[in-house]
Amino acid sequence: MLGDLQKIISRSDKYAAGDFTHAANLLLTHQFLHADRPSHRDSYFLIASHIDYFKNLFEAIGWSVIYQPDEAYLGILPQGEERNLKLRLDESLLLLCLRQQYEEKLENFEVDSGRAFTSSNALLSLYENLTGKEIPNETRLKEILALFARHGVIERGKPNETEPKNILFAILPTIRQVVVEDYIGQLEALCDTENSRDALNETEEQAEEQETDNETA
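So that you can map any letter, position 193 of the sequence shown is 193 in the numbering used here, and since no number is skipped, the others follow by simple counting.
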């Protein structure tokens, strides 16, 4: 791998070894890079112009490189069973809701340059309708959206001056890489699992109360 890099650098008048190191670290940190982001642009084009080298590099440490030139982004995903992010239930449900929002806007031709613009109010309304669960509070929602932004799934917009609590953001096309096609089935499965746990806990509590009543009697 080091020999391959030295050969590339020896043939290049544009890039040095440090540029490759910076690009690889940036991709590991952000997971997805976009050509239209100033902070990503140089590394995006470096990786895109040496895509085979970076595919081999990341494959050696268990990652697959995703390259979507038509949508001007690239990224990395864990291989095999490690592909799914280890998320909490509310994070998983909101991520699946984001995919649902993205597909709806795509069908309605409301996607601009791969971005589907939405808001936290719209996301929470869909979350409540699809899951029937209590929505996360404001602090928790901000934590989750920050997590999704770090993983390159959403992009925060400008603050909403008239509704400061209603966070504006864009869902990026990378959502289709992170959340697989059967997202509705996953959503239903997660809700069913959680509902089964709730029912089991309720049954156990009732049984404990019954035992207490019997002992008292």
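Virtual Cβ for every residue (Gly too), placed ideally from N, Cα, C.
Spatial distance of residue i from residue j (CA atoms)
i: Ala24; j: Phe54; result: 8 Å
i: Tyr73; j: Asn129; result: 32 Å
i: Gln6; j: Arg99; result: 41 Å
i: Ser125; j: Glu134; result: 11 Å
i: Lys105; j: Lys158; result: 20 Å
i: Ser92; j: Asn56; result: 30 Å
i: Glu59; j: Thr21; result: 16 Å
i: Tyr102; j: Tyr127; result: 14 Å
i: Thr118; j: Ala146; result: 15 Å
i: Ser39; j: Leu26; result: 9 Å
i: Phe148; j: Tyr15; result: 31 Å
i: Trp63; j: His151; result: 15 Å
i: Glu71; j: Pro173; result: 8 Å
i: Ser12; j: Arg41; result: 19 Å
i: Leu236; j: Gln31; result: There is simply no residue 236 to check, as the chain begins at 1 and stops at 217 in what is shown.
i: Ala170; j: Asn137; result: 21 Å
i: Ile47; j: Ser113; result: 21 Å
i: Asp36; j: Thr131; result: 35 Å
i: Ile9; j: Leu28; result: 21 Å
Secondary structure of residue i, DSSP reduced to three states
i: Gln210; result: In this prediction, Gln210 has a pLDDT of 48, which is less than 50 and means its spatial position is unreliable; what the coordinates show is noted afterwards. Helix.
i: His34; result: strand
i: Gln68; result: strand
i: Ile61; result: coil
i: Tyr15; result: coil
i: Leu87; result: coil
i: Ser196; result: Legend: pLDDT at Ser196 = 43, less than 50; position of this residue unreliable, no value from coordinates given.
i: Ile171; result: strand
Buried or exposed (CB count within 10 angstroms, at least 16 for buried), residue i
i: Leu33; result: buried
i: Glu163; result: exposed
i: Ile154; result: buried
i: Gly18; result: exposed
i: Gln177; result: buried
i: Val180; result: exposed
i: Arg156; result: exposed
Contact set for residue i: own chain, Cβ-Cβ below 6 Å, skip 5 residues either direction
i: Asn160; result: Asn166, Leu168
i: Tyr67; result: Ile51, Leu74
i: Ala116; result: Tyr102, Lys105, Ile171
Same chain, Cβ closer than 7 Å to residue i, neighbours up to 5 away in sequence not counted
i: Phe109; result: none
inquiry  = If we require 3 or more residues per run, which beta strand (DSSP E) segments fall completely within the region 96 to 160?
reply    = Runs found: 115 to 119, 154 to 156.
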